[in-house]
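>
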Amino acid sequence: MHSIVNCALVLKDYELAMDVMGQLCDRDGAPKHALLSALGRLHLQLGDISGAEACFNEAAETKATPLGVRELVDKGLLAIAQGAFDEAYIAFQQASQLEPFNIMILNNMGVCLLYGGHLKEAIAVLESAITSNPIHALQENLLLNLCTLYDMESSKGRMKKFALLRQISRYQADVPTTILEKLYG
Numbered sequence: 001m002h003s004i005v006n007c008a009l010v011l012k013d014y015e016l017a018m019d020v021m022g023q024l025c026d027r028d029g030a031p032k033h034a035l036l037s038a039l040g041r042l043h044l045q046l047g048d049i050s051g052a053e054a055c056f057n058e059a060a061e062t063k064a065t066p067l068g069v070r071e072l073v074d075k076g077l078l079a080i081a082q083g084a085f086d087e088a089y090i091a092f093q094q095a096s097q098l099e100p101f102n103i104m105i106l107n108n109m110g111v112c113l114l115y116g117g118h119l120k121e122a123i124a125v126l127e128s129a130i131t132s133n134p135i136h137a138l139q140e141n142l143l144l145n146l147c148t149l150y151d152m153e154s155s156k157g158r159m160k161k162f163a164l165l166r167q168i169s170r171y172q173a174d175v176p177t178t179i180l181e182k183l184y185g
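Residue numbers for the sequence shown follow full-length UniProt numbering, so the first one is 1 and each next one is one higher.
#1: Taking the alpha carbon of I103 as the point to measure from, which residue in G83, E121, E127 and K120 has its own alpha carbon closest?
#2: Measure the beta-carbon distance from Q167 to I135 and round it to whole angstroms, keeping in mind my assumption that it falls under 8 Å.
#3: Just to confirm before moving on: does the CB-CB distance between L149 and L98 stay below 8 Å?
#4: Can you give me the C-alpha to C-alpha distance between L35 and S154, rounded to a whole angstrom?
#5: With C-beta atoms as the reference, is D86 less than 8 Å away from G117?
#6: Do the CB positions of C55 and L39 come within less than 8 Å of each other?
#7: If you run the structure through DSSP and keep just helix, strand and coil, what is A30?
#8: Of all the options A95, M109, A8 and A64, which has the alpha carbon lying nearest to the alpha carbon of A84?
#9: Have a look at L72 and K32 and give me their C-alpha separation to the nearest angstrom.
#10: Please report how far the alpha carbon of I90 lies from the alpha carbon of L44, in whole angstroms.
#11: Since A88 contacts V69 with CB under 8 Å, what's their CB separation in whole angstroms?
#12: State the DSSP-derived secondary structure class of H2, mapped to helix, strand or coil.
#13: Between which residues of its own chain and K63 is the CB-CB distance below 8 Å, once the five residues before and five after are set aside?
#14: According to the neighbour-count rule (16 or more other Cβ atoms, all chains shown, within 10 Å of its Cβ), is A163 buried or exposed?
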């Protein structure tokens, strides 16, 4: 059934994905906490903040241990959706302490810093993610965000993007087209 959820998401049939995830949650022995968290994230993707919050709260009730990475990320994503970027940054920062090399968390920290008006700090977070773990950090989302931040920072953005391209080429032979367009655009 997990494959059905994945296929439904690829086809953008979110109603089917939600129905199947609900059925999976009702099964005995199902990883209810993870499923509710995923369902909450799907609600966020659809713009249903109250539905996401309900799923995240229910997920938290199913887990007896203190906040882990998943709960902190859920908290951060919900805060972003509510426009509470400082609160989101704190949640992602706490998650980053548990998983310091998690690129998704670092990318979200950069986004929160940008929306909080801290452009230079956002750039520093994304650059340090690439420097500390270049093989795993060379992900399209992070690279596109960093290129956009370079463009926003100054007229020297193009030079910084070329330096980034050189760094990418050391670790990755093929660069996705969207990144190349952003680097040269």
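Even for Gly, the Cβ is constructed at its ideal location relative to N, Cα and C.
Per the coordinate set shown:
#1: On the sequence shown, residue 103 is found 103 positions in, with the first residue counted as 1. The shortest C-alpha separation from I103 is found at E127.
#2: Here residue 167 refers to the residue found at position 167 of the sequence shown. Here residue 135 refers to the residue found at position 135 of the sequence shown. Going by Cβ atoms, the distance from Q167 to I135 rounds to 11 Å, so no, they are not a contact pair.
#3: In the sequence shown, counting from the first residue as 1, residue 149 sits at position 149. In the sequence shown, counting from the first residue as 1, residue 98 sits at position 98. Between L149 and L98, the C-beta spacing is not below 8 Å.
#4: Taking the sequence shown and counting its residues from 1, one reaches residue 35 at position 35. Taking the sequence shown and counting its residues from 1, one reaches residue 154 at position 154. The C-alpha of L35 lies about 43 Å from the C-alpha of S154.
#5: Translated into positions along the sequence shown, residue 86 becomes position 86. Translated into positions along the sequence shown, residue 117 becomes position 117. Taking 8 Å as the cut-off, the beta carbon of D86 is found no closer than this to the beta carbon of G117.
#6: The sequence position of residue 55 within the sequence shown is 55, counting from 1. The sequence position of residue 39 within the sequence shown is 39, counting from 1. Yes. Within cutoff.
#7: If you number the sequence shown from 1, residue 30 lands on position 30. Note: A30 maps to coil in three-state DSSP.
#8: For this step, residue 84 is matched to residue 84 along the sequence shown. Among A95, M109, A8 and A64, the Cα nearest to that of A84 belongs to M109.
#9: Mapped onto the sequence shown, residue 72 falls at position 72. Mapped onto the sequence shown, residue 32 falls at position 32. L72 and K32 have their alpha carbons spaced roughly 17 Å apart.
#10: Position 90 of the sequence shown, counting from 1, holds the residue named residue 90. Position 44 of the sequence shown, counting from 1, holds the residue named residue 44. Those two C-alpha atoms are separated by around 19 Å.
#11: To locate residue 88, count along the sequence shown from 1; it is residue 88. To locate residue 69, count along the sequence shown from 1; it is residue 69. About 15 Å separates the two Cβ atoms, so there is no contact after all.
#12: Indexing the sequence shown from 1 puts residue 2 at position 2. In this structure, H2 counts as helix in the three-state DSSP scheme.
#13: In the sequence shown, counting from the first residue as 1, residue 63 sits at position 63. For K63, the CB contacts under 8 Å within the same chain, skipping 5 residues up- and downstream, are H33 and E71 in chain order.
#14: Locating residue 163 in the sequence shown gives position 163, counting from the first residue. With fewer than 16 other CB atoms across the displayed protein chains lying within 10 angstroms of its CB, A163 is exposed.
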